[in-house]
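**Q** Here it is: the structure, laid out below.
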Amino acid sequence: MPKIFGTGHIVYLVISFALIIAVLVLIKKFCKSEKSQMIAIKISAAVQLLMIILNNLFVYLWVGTIKLDSLCGVVSFLIAIFALICKKDSSILHFISYTALFTGLIPTFYPTYIGQGPTIFFPSTITSLIHHSLSFYLALLIFILGYVKPNIKKWHAWPLGYFALIAIGVFNIKIRGLGDSMNINSPIIAGTPFNWFYLGLIFIGVYTIFLLVYDAIENKKNCFVVCTYNKIAALFKKKEKIESAKEEKQEENKKDL
Numbered sequence: 007m008p009k010i011f012g013t014g015h016i017v018y019l020v021i022s023f024a025l026i027i028a029v030l031v032l033i034k035k036f037c038k039s040e041k042s043q044m045i046a047i048k049i050s051a052a053v054q055l056l057m058i059i060l061n062n063l064f065v066y067l068w069v070g071t072i073k074l075d076s077l078c079g080v081v082s083f084l085i086a087i088f089a090l091i092c093k094k095d096s097s098i099l100h101f102i103s104y105t106a107l108f109t110g111l112i113p114t115f116y117p118t119y120i121g122q123g124p125t126i127f128f129p130s131t132i133t134s135l136i137h138h139s140l141s142f143y144l145a146l147l148i149f150i151l152g153y154v155k156p157n158i159k160k161w162h163a164w165p166l167g168y169f170a171l172i173a174i175g176v177f178n179i180k181i182r183g184l185g186d187s188m189n190i191n192s193p194i195i196a197g198t199p200f201n202w203f204y205l206g207l208i209f210i211g212v213y214t215i216f217l218l219v220y221d222a223i224e225n226k227k228n229c230f231v232v233c234t235y236n237k238i239a240a241l242f243k244k245k246e247k248i249e250s251a252k253e254e255k256q257e258e259n260k261k262d263l
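The numbering used here numbers the first residue of the sequence shown as 7 and each following residue consecutively.
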């Protein structure tokens, strides 16, 4: 039976990430026009969608039910769909691309599902590994090609989208009785306190800092922090002028008396 960081898993990691790097380099080198870049993203999304469908088909043949109820599985499906239908730099793509970076990477490096079959090539195991890796790859591709650019003005997209997913998970637990398949209460890695809810809170902090730093580097004097500071300073100056005008008027009234 395959194990996490066993021989089969390590070989898969080496091969899959070598392929990801090679494909990203080739696409970046040869896809120069916006049209060719969009085609590369659409093709990658179609392959990802095919893989998540195959994975659920194999799971259905194995256990007799479709189990697209884990957070990483839902995100793998959504990033494929949204990359196919959404416009460049849309808020939905902002949310799903950031999310797919870690919901794709973590289950690839620490696949708790790897022991479900006798070998790593058990259909539901290998397709699960591949769709998680493709999810991470597709998110990277979207960022590398500038299909989504970090933007502090779209900060809201990720928290809103992520907590919508958490709400779906709570609904599955409380209403549908599906269990904690999204790891909202139970840890992703046994023996650690980290479930998807707490990791989400941590990521919000990291995500916010990243956007602020990126904005400061890109926009410098017109960045969000500077603009916000200037607006606050202007409000205080306006308040001081109003108070000063009131004091002057009071002094004039006293002189008139």
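All C-beta atoms in this analysis are idealised placements derived from N, C-alpha and C, irrespective of residue type, glycine included.
(1) Work out the CA separation of residue 133 and residue 150 for me, nearest whole Å.
(2) List the endpoints of the continuous alpha helix (DSSP H) containing residue 24.
(3) Under a three-way DSSP split, which group does residue 161 fall into?
(4) Can you name the start and end residues of the alpha helix (DSSP H) that residue 265 belongs to?
(5) For residue 115, tell me which candidate among 227, 55, 83 and 194 has the shortest Cα-Cα distance.
(6) Taking the CB atoms as reference points, tell me whether residue 74 and residue 62 lie closer together than 7 Å.
(7) With a CB to CB cut of under 7 Å and the five nearest residues on each side skipped, what residues in its chain are close to residue 217?
(8) With a threshold of 16 other CB atoms inside 10 Å of the CB of residue 117, please say whether the residue is buried or exposed.
(9) Would DSSP call residue 186 helix, strand or coil?
(10) Could you tell me if residue 238 is buried or exposed, where buried requires 16 or more neighbouring beta carbons within 10 angstroms of its beta carbon?
(11) For residue 60 and residue 198, what's the separation of their Cα atoms in angstroms?
(12) Let me check understanding here. Comparing Cα to Cα, which of 91, 93, 71 and 105 lies closest to residue 81?
(13) If we count Cβ pairs, one from each stretch, closer than 8 Å, do we get three or more for the segment 167-177 versus the segment 86-95?
(14) Taking the continuous alpha helix (DSSP H) assigned at residue 79, which residues delimit it?
(15) Would you check if the distance between the CB atom of residue 154 and the CB atom of residue 99 is smaller than 7 Å?
(16) With a threshold of 7 Å between beta-carbons, can residue 135 be considered close to chain D, or not?
(17) If residue 9 and residue 123 are in contact, beta carbons under 8 Å, what's the gap, nearest whole angstrom?
(18) Helix, strand or coil for residue 57? Go by DSSP, reduced to three states.
(19) What did DSSP end up calling residue 196 once you bin it into helix, strand or coil?
(20) In chain order, what residues of the same chain lie with their CB nearer than 8 Å to the CB of residue 65, ignoring the 5 residues before and after it?
(21) Going straight from the alpha carbon of residue 11 to that of residue 179, what length do you get?
(22) Measure the alpha-carbon distance for residue 110 versus residue 39 and round it to whole angstroms.
**A** Quick answer:
(1) For the purposes of this step, residue 150 is taken as the residue at position 144 of the sequence shown. For the purposes of this step, residue 133 is taken as the residue at position 127 of the sequence shown. In a straight line, the C-alpha of residue 150 is about 25 Å away from that of residue 133.
(2) Taking the sequence shown and counting its residues from 1, the one referred to as residue 24 is at position 18. For residue 24, the uninterrupted alpha helix (DSSP H) run begins and ends at 13-36, by DSSP.
(3) The count along the sequence shown starts at 1 and reaches residue 161 at position 155. The three-state reading of DSSP puts residue 161 in coil, since its state is none of H, G, I, E or B.
(4) Residue 265 is absent from the structure shown; the chain starts at 7 and stops at 263.
(5) Locating residue 115 in the sequence shown gives position 109, where the first residue counts as 1. When only C-alpha atoms are compared, the closest one is 194.
(6) Working through the sequence shown from its first residue, we reach residue 74 at position 68. Working through the sequence shown from its first residue, we reach residue 62 at position 56. For residue 74 and residue 62, yes; Cβs fall inside 7 Å.
(7) Taking the sequence shown and counting its residues from 1, the one referred to as residue 217 is at position 211. The residues are 156, 158 and 161.
(8) Position 111 of the sequence shown, counted from the start, is the residue given in the question as residue 117. Answer is buried; the Cβ neighbour count reaches 16.
(9) Stepping through the sequence shown from its first residue, residue 186 is reached at position 180. Assigned with DSSP and collapsed to three states, residue 186 falls in coil, not helix or strand.
(10) Counted from its first residue, the sequence shown places residue 238 at position 232. Residue 238 is exposed by the Cβ-count criterion.
(11) Here residue 60 corresponds to residue number 54 of the sequence shown, with the count starting at 1. Here residue 198 corresponds to residue number 192 of the sequence shown, with the count starting at 1. About 31 Å.
(12) For this step, residue 81 is matched to residue 75 along the sequence shown. Of the listed residues, the one whose Cα sits closest to residue 81 is 105.
(13) Contact between the segment 167-177 and the segment 86-95 is absent, with fewer than three C-beta pairs closer than 8 Å.
(14) Sequence index remark: in the sequence shown, residue 79 carries index 73 (1-based). DSSP places residue 79 inside the alpha helix (DSSP H), whose first and last residues are 77-91.
(15) Here residue 154 refers to the residue found at position 148 when the sequence shown is read from its first residue. Here residue 99 refers to the residue found at position 93 when the sequence shown is read from its first residue. In this structure, residue 99 lies closer than 7 Å to residue 154 by Cβ.
(16) Going by chain labels, chain D is absent from the structure shown, which holds only one protein chain.
(17) Walking along the sequence shown from the start, residue 9 turns up at place 3. Walking along the sequence shown from the start, residue 123 turns up at place 117. In fact, because the Cβ distance is near 12 Å, the residues do not count as touching under 8 Å.
(18) Position 51 of the sequence shown, counted from the first residue, corresponds to residue 57. Collapsing the DSSP output to three states places residue 57 in a helix.
(19) By one-based count along the sequence shown, residue 196 stands at place 190. Correct three-state label for residue 196: coil.
(20) Looking up residue 65 in the sequence shown gives position 59. Here residue 65 has 71, 72, 73 and 130 as same chain residues with Cβ atoms under 8 Å from its own Cβ, once five neighbours each way along the sequence are excluded.
(21) As a working note, residue 11 is residue 5 in the sequence shown. As a working note, residue 179 is residue 173 in the sequence shown. For residue 11 and residue 179, the gap between their C-alpha atoms comes out near 31 Å.
(22) Locating residue 110 in the sequence shown gives position 104, where the first residue counts as 1. Locating residue 39 in the sequence shown gives position 33, where the first residue counts as 1. Their Cα atoms are separated by approximately 28 Å.
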